[in-house]
Amino acid sequence: MSCGWCPACWMPSWPAACSTGSAGLRRASRRGRWRSCCGRPRGSRVPRRSRPARPGARTCSWRSSSRSSWPSWSVACSRATSLSPTTCWSPTTAGPGSGGGSRWPCTTPSCSAGLVRCLDQMARDGLQPQELFSGVPLSPEEQAVVLRAVRKAQPAFSPPPPPPRPPPQVNTSPLLREIYAKEGPVSYPKLHLPLRELRSLFQQQLRVEMATTVAVESVEQARVLTEEVLRARNTLQQLRAEWVEALCLGLQNLKASEVCAARTGRPSVFPFLCVLPEKELAELLLQALQVLPPQGESLLSLAQQLGMRVFGRHAVRRQQRSSRLQALQERYYQYVRLLASDTQVEAPQLPRQYWEALGPPEAPHEQPWPLSVLVQLGKKLAEMLVEAVRMPGSVAAPQGPGTLIPVLYHVYSFRSFRQIGILKPHPAFIELLATAAEHTLTFEAAEVPMLCPPLPWTSPHTGAFLLSPTKLMRSLEGTVQHQRLLDSCPPADLHGALDALTQLGNCAWRVNGRVLDLVLELFTAKGCPHLGVPAPASEAPRPPDGRLPPGASPAQKAEVRRELARCLKVAREMHSLRSDALYRLSLAQHLRHRVFWLPHNMDFRGRTYPCPPHFHHLGSDLARALLEFAQGRPLGARGLDWLKVHLVNLTGLKKRESLQARLAFADEVMKDILDSADRPMTGRKWWMQVDEPWQALACCMEIARAVRAPDPAAYVSHFPVHQDGSCNGLQHYAALGRDSVGAASVNLLPSDVPQDVYSGVAAQVEVFRKQDAKRGVHVAQVLEGFISRKVVKQTVMTVVYGVTRYGGRLQIERRLRELSDFPQEFVWEASHYLVRQVFNSLQEMFSGTRAIQHWLTESARLIAHTGSAVQWVTPLGVPVIQPYHQDAKVLIAGGMQSLTFSQSGDTSQKPNTLKQKNGFPPNFIHSLDSSHMMLTALHCYRKGLTFVSVHDCFWTHAADVEVMNQVCREQFVSLHSQPILHNLSRFLVKQYCSSTRLRSPKHSKNLWMGKLQDTLKSVPETGALDLEQVKHSTYFFS
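Counting from 1, position 669 in the sequence shown corresponds to residue 669 in this note's numbering; the numbering is continuous, with no gaps.
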């Protein structure tokens, strides 16, 4: 549903009972009538919801199934315009769409009568004014405004008293009993910064978020300031000033147009255009224009980005106008006493517990707008950008007479066999930007690491950045089912996940300056793709020169077209990689002398990720090498040895050797290590030939400093050492099935040297191949000598995460094509043969794994057939639901192009059976590996360790590796000592096989439900693996 604005009194108007809940929304949409706030006629009816434009499509509506995201008169229409939700504004003054001017409340009797009519309508719909205070997330200021408005019509009205503060809840999970036990020794880590500095950093971060953007100097090589460059920069400055004026005028016209739409009863984005001042909106649009790639951006993608940025700015501005900032500062100043190096608290507590003890829960954050609103708003803004922003056609003579041309133009292009609309910058604008070579990049505040410790996660809505809204569970825009599950979950059940995310975000980082300098040296030259430093656009392949002769054959023309398409594709890829590296390196340079933090959230399976998208430790080899812990630890007795082992792990040269052999190898190549550290670009360059060159170089430098220190054990190291799981998905499967054979292959059992599952599968495939070759199978004979670990590795690694035989065949085909001496005419047949044998080998080696995988797949298939999405709860209590449904096509018509987008997360649609069944096994395993990581994080924090992770790769200081390894193994055993599969079976039976479902009037559905119940109760049998042996396995994580 759309909220409009009453054209008579500038007061928000709404569909009948729009702001009073989903029942009222349904009744209003059935009647199809929109009511004015002051009772004056609106002049038309609105269609019942929205008629589909074609089969499978539906037009945009502002309908929302959750009260928390109503774009209603009391929430969305008036928040950031400082308008009272129930106060009319004099039509003789500047209205809410003017972007400025003086306004005063309208005191006409008709508006008071409108309030009475509104409350009467709510009563007829079975809703009471008290629900505005209990069911709508309003700030204290907004509640006061609504209360004044209601009392104009009902002077004796009293709002309901605030609910009593619930007593602190305690998580009762057996896995977390020790974490929340008040007895027992704890040594929670402190930051290395004093209280005064932490409070100063809070003020700096607050200023950044209040500004909403961060200007960062680009690391691209600065151009010489010639007259041409200065003229281009001056031209850009003049044009931007003109564009801001043109956009402000365009916004005023757009608002007037949207008011007319509201008058005729059509959905209107007018309220959402009013949440920011016009000048700020204009600058936001110009920032989006600045970063458009030369090949353009799809209109749909750009519209969604613009809508989300408007929402983000609005959420920050709303908090700035409230009283929350002062309360936040006072509470944060007390909170950092827990973390500061020079303060002590009475009793050790986890950050979340300490924060909650400082005061009542925070006011609710701004709830996200529906995806259809974001796209419609962004589309209007993008279309206005195209219309309003123009420039002279000749950059060389911008002041001379000539026709103004649009800076953006709308074209259609084919992407993956689909025609899509693209907004593309004019070549003259691209040329002007290139000539000006401006040296500043602009980022949203939430795209940059934080300058102070993040807020602890205390609920699904509260945590991470100070002001910028952040989701606890990241998901596709428009997907609300995850948020509903989290909101309905008992708060204590989420404590484990909330505390783990807080702990990960509290790790302080700094930039490795020596590595950054070397990377910048290559980046500002011509790049080095071999080392992961992208080349500039000047190195892109050029399309073929010259014209084809008049008599060129169709084959020649086709070849030229193919070559041109290839060059354009390579150029686009190079631009994307270069831009990504530019953002990362510019942020690294911006932060090189700062301490910073990376707030974390999680996906729907519980896997954790840093919130800032450009600069973090989950990136490539180069990205990881740029980061080190801000807080150092002395190496101690074994720290130097762990640095050496870590370096050998990064080289990939001794994967099947013991730790002692790896340590001996490091001592053998110590001269190369020191040479790499001292002369990385001019020496023997040993580091450049390894698997992870930049991380290896950073480790060489750390080892060199340590061995040259007077006392290596006292050397304070900031370097993170990794311990990586051995095919971690198969480790969880083997533990679930107590599969001794599979467990030995993935290092769950002690051994003298690490077991390599990929080599084991390759050996088993070779056995099958020899048998077939003896029987005369030609493709088996052709494959003699070509079956290697590398050929099968990717398929083995991904089969546990649900790869199909089709996907596995494509993986093997790519590996075979990389073999120069393999006869290419047999690639298709050989890849079919090999993928079959790989799956057969896995069945031989991991029989328990395949049985569990089959049970999960079949259970998901039957659940989806009953019309439900698969749902479960992780061992730490995080509710999970798979967001795979049949696509719901949403059509936004009108303007320069109609937009159609899919919402696969719409729970009103039938589940996508194929995705549900294929996704359940890998997603369930991911939820287990995330639970293991969170348990390890919490127990390491309790022991005072610095700990971060990249999924199944755990990081800590060299001195603490042995402690982390012990915790990691203990928590894996603890996790899998729970009856995980039986707990899952009981949950699924209760969720999907209730007595009401089993008594369906449809006979066919009863058959499905009976089969589902039988399947869910048939938990696969397990083997006799003794999990306690994992605690003694050196290579479980290594």
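Note that the Cβ used here is the ideal one computed from N, Cα and C, for glycine as well.
Since the structure is predicted, the reported quantities are computational estimates derived from the model, not experimental observations.
Exposure label - Q631; buried when at least 16 CB within 10 Å: buried
Is N601 helix, strand or coil by DSSP? strand
Whole beta strand (DSSP E) elements within the segment 937–978, 3-residue minimum: 948–950, 953–957
Do the segment 115–122 and the segment 139–156 make contact, defined as three or more Cβ pairs closer than 8 Å? yes
Less than 6 Å between C-beta atoms, sequence neighbours within five positions excluded: which residues of the same chain meet that for Q794? Q811.
Does Y715 come out as helix, strand or coil in the three-state DSSP assignment? coil
Let me make sure I understand the geometry here. Which of P823, G802, D821, V827 has the alpha-carbon closest to that of R814? V827
In its own chain, which residues sit with a C-beta less than 6 Å from the C-beta of V675, not counting the 5 before and 5 after it? A small correction: the amino acid at residue 675 is Asp; Val does not occupy that position in the sequence shown. Closer than 6 Å at Cβ, skipping near neighbours: G683, R684.
Verify whether the separation of the beta carbon atoms of A762 and S740 is less than 9 Å. 9 Å or more divides the Cβ of A762 from the Cβ of S740.
Any chance you could list the alpha helix (DSSP H) runs of at least 4 consecutive residues sitting entirely within the segment 812–885, in chain order? 827–845, 847–865
For a test of the three-state rule: what should DSSP assign to A1039, helix, strand or coil? Residue numbering for the chain in the displayed model covers 1 to 1038; residue 1039 lies beyond these limits and cannot be assessed.
Roughly how many angstroms separate the alpha carbons of V386 and V570, rounded to a whole number? Each residue's Cα considered, the two are about 28 Å apart.
What residue range is occupied by the uninterrupted beta strand (DSSP E) comprising E438? E438 -> no beta strand (DSSP E), and no H or E assigned at all.
What residue does the alpha helix (DSSP H) around F270 start on, and which one ends it? Unbroken alpha helix (DSSP H) run through F270: 270–273.
Residue interval of the beta strand (DSSP E) (run including E217): In this chain, the beta strand (DSSP E) harbouring E217 covers 213–217.
Check for me: the beta strand (DSSP E) holding E628 runs from which residue to which? E628: member of the beta strand (DSSP E) spanning 627–629, first to last residue.
Can the beta-carbon of Q723 be found less than 9 Å from the beta-carbon of F972? no
Expressed to the nearest angstrom, what Euclidean distance is found between the alpha-carbon atoms of C18 and G729? Caution is warranted here: a pLDDT of 36 is assigned to C18, below 50, making its placement in the model unreliable, and the coordinate value is therefore given only provisionally. Whole-angstrom Cα-Cα distance: 48 Å.
Tell me the DSSP secondary structure of P456 in three-state form. If DSSP states are grouped into helix, strand and coil, P456 belongs with the strands.
Tell me whether W369 sits in a helix, a strand or coil according to DSSP, three-state version. coil
Expressed to the nearest angstrom, what Euclidean distance is found between the alpha-carbon atoms of S847 and W855? Near 12 Å, if we compare the C-alpha coordinates of W855 and S847.
In the segment 747–774, which residue ranges form an unbroken alpha helix (DSSP H) of at least 4 residues, counting only runs that do not cross its ends? 757–774
Would you call the segment 887–897 and the segment 507–525 touching, i.e. three or more CB-CB distances under 8 Å? no
Can you list, in chain order, the stretches of the alpha helix (DSSP H) that have 4 or more residues and sit fully within the segment 279–337? 299–321, 324–335
Restricting to runs no shorter than 3 residues, where is the beta strand (DSSP E) found entirely within the segment 545–572? Listed in chain order, nothing qualifies, since the segment 545–572 has no complete beta strand (DSSP E) run of 3 or more residues.
Given T172 as reference, the closest of M1009, H495, Q731 once Cα atoms are compared: H495
Can you tell me where the alpha helix (DSSP H) with V782 in it begins and where it stops? It spans 778–782 - the alpha helix (DSSP H) in which V782 sits, taken as one unbroken run.
Using the beta-carbon count (16 or more within 10 Å), is G776 buried or exposed? Under the 10 Å beta carbon count, G776 is surrounded by fewer than 16 other beta carbons and is classified as exposed.
CB contact flag (L292, K379, <9 Å): no
Grab the span of the alpha helix (DSSP H) containing T798 for me, first residue to last. 789–799
Distance check for K790 and V796, CA to CA, integer angstroms please. 10 Å
Inter-residue spacing [alpha-carbon to alpha-carbon] between R233 and D487: One C-alpha to the other measures close to 51 Å.
Please report the Cβ distance between A637 and V648, rounded to the nearest whole angstrom; I am assuming they are in contact, meaning their Cβ atoms lie under 8 Å. Actually they do not touch by this definition, with Cβ atoms about 19 Å apart.
Specify the secondary structure class of T59 as computed by DSSP and reduced to three states. For T59, the predicted structure reports a pLDDT of 38, less than 50, and the residue's modelled location is therefore unreliable. The matter cannot be settled from this model.
Distance between G135 and P277 (C-alpha atoms, nearest Å): Approximately 29 Å, taken between the alpha carbons.
Could you name the residues that DSSP lists as bridge partners for G725? F1037
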